[in-house]
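Numbering (mature numbering (1 follows the signal peptide of the UniProt record, and there is no 0)), first residue to last: -21 to -1, 1 to 646. Even for Gly, the Cβ is constructed at its ideal location relative to N, Cα and C. Following: one structure in structure tokens, then a few remarks.
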């Protein structure tokens, strides 16, 4: 039986004041007068609502389908989300399921999506990592002025409160970084997992033996060919998870102009200037319709200035379609009156797929697997409650990013590109899809500094079906950084409580499978190094010593996994390049409906996405404030980087996009 002591501590930022929550029920919320309504109190929505409510004259309503989860040890204890089974628990997880995937043997994959105040930031693996500088500047070069590395780094430093690792942790786990480019007074506390397994330590030296360098500085974000210990959203002073709910909302909850409603799900956006018979191109959002999930009663709330969707990459496109914004043919089929015909809504869905390999290591190497013993789990929980040490503080300790040039040779890259071009262009892709594809191809060359593959190590067995008692395991996972395949998320019912159809289109383009096989072979190369080989007792998944390509394909068909990095379904792009929102995140065809979450990414980033979601929310808050007459800081003028450095990143992005446009024209 697990021993759970109440946690009475919360991370309080120095510039966000504390207090008791201003929460109301569904009926009362409907009687309030709001300037802004934010739909979804996830990672982005919570940040946005809190930042908007800094302006005392703004009255902000925040609606969340899940619960508040204040002082919840399952969330606050760093390893609590895994130890307590938050993944798959309807209290914390939406438990979405994908459509059957033809390239995964017809499997429908479970999809982790955080439910409750803080969204995915309350139950994810806590990684706080930014992609490479050029990736963000590429967003701007694709027709999104005001989006670049300068803005991203500025808002990252605004949100972060970083603590330096101990000298011992730096020496043993490569937990090093340049503090000049970190934030030190923001709401989200970051540090490193203090607990580490001996099974992970060989990873650093093995990757260095393969040509990777120690962890890069934040100055340039995450470029390729480095290995180190990832920064996590852990408050070092209390050894608790720092997430949007605990670190943004709770310290701001007493504000009388910030009203939270939980346990209610928005069903559609309401517009003023429309009728059932006449579509309009300049819709004005005036509020939302929502349902109380306990009583089933429906209500309406109104906003005088703006409605903002922050429901995530699955539910933001769902809400747009339920509100009449999307593919006209689809909407009419479901009996929904089309108000804005935009077939790009719900398209462009991208994920970071995982291929996890498991190896047995000596039992003397303590791994997370020991927590499967209830007695050990109870003892570790007690140790945490008393000393804030032990396995309950554990998180990911080892991660690496690999360029295309280190993943495989130039001849193979050329062959992949040639075969993929034939397959891709035969589908008659849209203009936006063509440009995105060619941007991806610019990264997939031997000279690119952007990552093609992530490999990380976790001291645990990912697959219970092959786990043996009293056995220690290490898991190495290959994650292609920039998928080429594109899926979609669309409604198939006018009932807003029915989950949309989530079609990953996994390995829809063969090149993604080829890259994943190359990454999987790299994992075997890692464990075969002199640094790792002495500690590998047995191959577990896959079990073969040297799998053939057919065996690798079968392994991927059966074991490819879905993380929680959904993005890009309401892309911020010019409308003629398949965009759904403009560079101010306003939905095309409306004047005051915005989307602020991972769905607005133009394309998937080459790292974990939580930190970028935070920066988007911070950035969006300033955009909205500025549009309503509030003075805000110029990110580039406030940058800790030189003008020359910022110009250099921008020029690299411009050259990349120009080369991609040249290839599009050639086809």
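Can you list, in chain order, the residues of its chain with a C-beta nearer than 7 Å to that of residue i? Leave out the 5 residues immediately preceding and following it.
i, result
"residue 272", "44, 242, 243, 244"
"residue 30", "597, 600"
"residue 647", "As shown, the chain starts at -21 and ends at 646. That puts residue 647 outside it, with no answer to give."
"residue 372", "57, 58, 172, 173, 174, 218, 363"
"residue 636", "117, 120, 121, 418"
"residue 256", "Because residue 256 carries a pLDDT of 45, less than 50, the predicted location of this residue cannot be relied on, and no value is offered for it."
"residue 108", "201, 209, 210, 586, 587, 590"
"residue 341", "451, 514, 516"
Cutting at 6 Å between CB atoms, please list the residues of its own chain near residue i, excluding the five before and the five after it.
i, result
"residue 326", "467"
"residue 247", "268, 301, 302"
"residue 73", "92, 94"
"residue 594", "131, 134, 135"
"residue 37", "14, 31"
"residue 374", "57, 105, 172, 211"
"residue -1", "Because residue -1 carries a pLDDT of 47, less than 50, the predicted location of this residue cannot be relied on, and the following value inherits that uncertainty. Closer than 6 Å at Cβ, skipping near neighbours: 232."
Could you check how far apart the C-beta atoms of residue i and residue j are, in whole angstroms? I think they sit under 8 Å.
i, j, result
"residue 287", "residue 506", "Rounded, the Cβ-Cβ distance is 47 Å, inconsistent with contact."
"residue 149", "residue 483", "The Cβ separation is near 38 Å, so there is no contact."
"residue 91", "residue 66", "5 Å"
"residue 298", "residue 290", "6 Å"
"residue 280", "residue 569", "That pair is no contact at about 18 Å."
"residue 520", "residue 337", "4 Å"
"residue 588", "residue 547", "Actually they are not in contact, since the Cβ atoms of residue 588 and residue 547 sit about 10 Å apart, beyond 8 Å."
"residue 409", "residue 559", "13 Å between Cβ atoms; not a contact."
"residue 404", "residue 646", "6 Å"
"residue 170", "residue 144", "7 Å"
"residue 377", "residue 179", "5 Å"
"residue 295", "residue 39", "That belief does not hold up - the Cβ atoms of residue 295 and residue 39 are roughly 18 Å apart, past 8 Å."
"residue 502", "residue 457", "6 Å"
"residue 63", "residue 53", "4 Å"
"residue 414", "residue 634", "Not confirmed; about 15 Å, so no contact."
"residue 97", "residue 25", "6 Å"
"residue 83", "residue 508", "With 8 Å as the limit, residue 83 and residue 508 do not qualify as a contact, their Cβ atoms being about 31 Å apart."
Just to confirm the assignment, what range does the alpha helix (DSSP H) spanning residue i have?
i, result
"residue 8", "5 to 10"
"residue 393", "389 to 404"
"residue 246", "From DSSP, residue 246 is part of no alpha helix (DSSP H) but of the beta strand (DSSP E) over 243 to 250."
"residue 499", "489 to 506"
"residue 656", "The chain is shown only over -21 to 646; residue 656 falls outside these bounds and no answer can be derived."
"residue 292", "291 to 301"
"residue 61", "59 to 62"
"residue 147", "146 to 152"
"residue 411", "410 to 422"
"residue 23", "22 to 31"
"residue 529", "528 to 538"
"residue 706", "This structure cannot speak to residue 706, because the chain is shown only from -21 to 646."
Which residues mark the beginning and the end of the beta strand (DSSP E) in which residue i is found?
i, result
"residue 380", "377 to 382"
"residue 283", "277 to 288"
"residue 71", "Looking at the DSSP string, residue 71 is not in any beta strand (DSSP E), and its letter there is neither H nor E."
"residue 334", "334 to 340"
"residue 41", "39 to 43"
"residue 312", "Looking at the DSSP string, residue 312 is not in any beta strand (DSSP E); the run it does join, the alpha helix (DSSP H), is 307 to 312."
"residue 455", "451 to 459"
"residue 430", "430 to 437"
"residue 207", "205 to 207"
"residue 271", "264 to 271"
"residue 140", "139 to 141"
"residue 469", "467 to 469"
"residue 481", "480 to 482"
Check whether the Cβ of residue i lies closer than 8 Å to any Cβ atom in chain B.
i, result
"residue 476", "Judged by its chain identifiers, the structure shown contains no chain B, having just a single protein chain."
Could you pull out every residue in the same chain whose Cβ sits closer than 8 Å to the Cβ of residue i, ignoring the five residues on either side in sequence?
i, result
"residue 477", "470, 471"
Legend entry - In chain order, each beta strand (DSSP E) run of at least 3 residues that lies wholly inside the segment 543 to 607: 572 to 574
Inset, instruction - May I ask you to verify whether the segment 423 to 435 touches the segment 194 to 212, counting CB pairs closer than 8 Å and requiring at least 3? - result: Yes: at least three Cβ pairs fall under 8 Å.
Legend entry - Stretch pair the segment 140 to 160 + the segment 89 to 106: three plus CB contacts closer than 8 Å: no
Legend entry - Three-pair Cβ contact test at 8 Å for the segment 4 to 15 versus the segment 548 to 565: no
Inset, instruction - Mind listing, in chain order, the continuous alpha helix (DSSP H) runs of no fewer than 4 residues lying wholly within the segment 73 to 129? - result: If we require 4 residues or more, the alpha helix (DSSP H) runs fully inside the segment 73 to 129 come out as 112 to 120.
Inset, instruction - Would you check if there are 3 or more beta carbon pairs closer than 8 Å linking the segment 568 to 583 to the segment 324 to 343? - result: yes
Inset, instruction - Answer yes if the segment 486 to 502 comes into contact with the segment 460 to 477, meaning at least three C-beta pairs across the two stretches below 8 Å, and no otherwise. - result: yes
Inset, instruction - Any chance you could list the beta strand (DSSP E) runs of at least 3 consecutive residues sitting entirely within the segment 163 to 203, in chain order? - result: 167 to 169
Legend entry - Length-filtered (4 minimum) alpha helix (DSSP H) runs lying within the segment 346 to 379: For the segment 346 to 379, whole alpha helix (DSSP H) runs of length 4 or above, ordered along the chain, are 353 to 366.
Legend entry - Contact between the segment 619 to 629 and the segment 225 to 241 (3+ Cβ pairs under 8 Å): no
Inset, instruction - Please determine if the segment 517 to 536 and the segment 403 to 418 are in contact, where contact requires at least 3 C-beta pairs separated by less than 8 Å. - result: no
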